[in-house]
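Residue numbers (this note's numbering): 328 to 575.
Yeah, the Cβ is synthetic: ideal placement off N, Cα and C, and Gly gets one too.
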């Protein structure tokens, strides 16, 4: 009898630990950026030895959190909880730290508030299309089975994603979307950055959370890109990375 109850308990625990199919909820994403690798690239481009000294004064990684709330019809991605006792980086806020992205899946439109070097934009455009290539690799993220996909932004910047079909919304962090399920991890090697789902609440988001941003200079994604490209000469070795961060 004890063996039977042990088997029943084991099965119950296994079932309870499985991820649940859902089309609504809130995902917490942890974004991790390797500052030391970024400095190494800048040192290689500028030839300045002082970058090595700066590495000793800043943390290797900077971590921030974002909340992604979603329903079958829309989603919103915005800054989440603050990191306690977060070390200062000497560069102020990290890039794209205040992005708010609202996606309307019914209309196929997106509205995103972005701040780039103190200039505020309100991007209004269609959901970005990425030519994703789905791979065979599978991994577990936040207790969900995820499959790997690879795509590109800005023609040459590779993006590695892991998505799950158990969450039946074709969205993801920032403006990433277009896979057959929810993206739970995004890695951009050239930015030394990763977004990883750390926890998922399948409760229905409150209506007041699902509000699109309204403030900023109204532009399309292409217009913002052209505006930034026109100013690129002012940014020195940060130029291309600033563009990549801006179009996320």
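From the DSSP output, read off the bridge partner residues of residue i.
i           : result
residue 516 : Answer by DSSP bridge pairing: none, since residue 516 is not bridged.
residue 406 : 393
residue 437 : 430 and 452
residue 576 : The question about residue 576 has no answer here: the residues shown for the chain are numbered 328 through 575.
residue 475 : 489
residue 509 : 491
residue 442 : 447
Nearest CA to the CA of residue i: which residue from the options?
i           : options               : result
residue 389 : 351, 365 and 395      : 365
residue 361 : 515, 462 and 401      : 515
residue 434 : 457, 400 and 462      : 400
residue 491 : 524, 538, 484 and 518 : 524
residue 534 : 505, 403 and 570      : 403
residue 467 : 358, 488, 448 and 556 : 488
residue 481 : 499, 448, 518 and 386 : 518
residue 539 : 470, 557 and 441      : 441
residue 509 : 557, 471, 422 and 542 : 471
residue 593 : 411, 557, 544 and 439 : This structure cannot speak to residue 593, because the chain is shown only from 328 to 575.
residue 574 : 348, 461, 479 and 536 : 479
residue 587 : 463, 494, 557 and 393 : Residue 587 falls outside the range modelled here, since the chain spans only 328 to 575, and no answer is possible.
residue 354 : 437, 409 and 469      : 469
residue 542 : 450, 464, 557 and 369 : 450
residue 384 : 406, 394 and 363      : 363
Given this structure, state the Cα-to-Cα distance separating residue i from residue j, to the nearest angstrom.
i           : j           : result
residue 548 : residue 452 : 6 Å
residue 367 : residue 530 : 43 Å
residue 381 : residue 568 : 19 Å
residue 485 : residue 572 : 13 Å
residue 444 : residue 455 : 23 Å
residue 448 : residue 386 : 30 Å
residue 358 : residue 527 : 15 Å
residue 570 : residue 499 : 20 Å
residue 483 : residue 422 : 20 Å
Return the Cβ separation of residue i and residue j in integer angstroms, given the expectation that the two are a contact with Cβ distance under 8 Å.
i           : j           : result
residue 501 : residue 426 : 6 Å
residue 581 : residue 430 : For the chain, the structure presents residues 328 to 575; residue 581 sits outside this window and is missing.
residue 398 : residue 507 : Actually they are not in contact, since the Cβ atoms of residue 398 and residue 507 sit about 18 Å apart, beyond 8 Å.
residue 356 : residue 522 : 5 Å
residue 474 : residue 461 : 6 Å
residue 396 : residue 536 : 5 Å
Tell me the residue span of the beta strand (DSSP E) that contains residue i.
i           : result
residue 453 : 446-453
residue 491 : 484-491
residue 547 : Counting along the chain, residue 547 falls outside any beta strand (DSSP E), and DSSP gives it neither H nor E.
Taking the continuous alpha helix (DSSP H) assigned at residue i, which residues delimit it?
i           : result
residue 464 : It is not in any alpha helix (DSSP H) - residue 464 instead sits in the beta strand (DSSP E) that spans 460-468.
residue 568 : 566-573
Using a C-beta cutoff of 8 Å, does residue i count as contacting chain C?
i           : result
residue 349 : Among the chains of the structure shown, chain C does not appear; only one protein chain is present.
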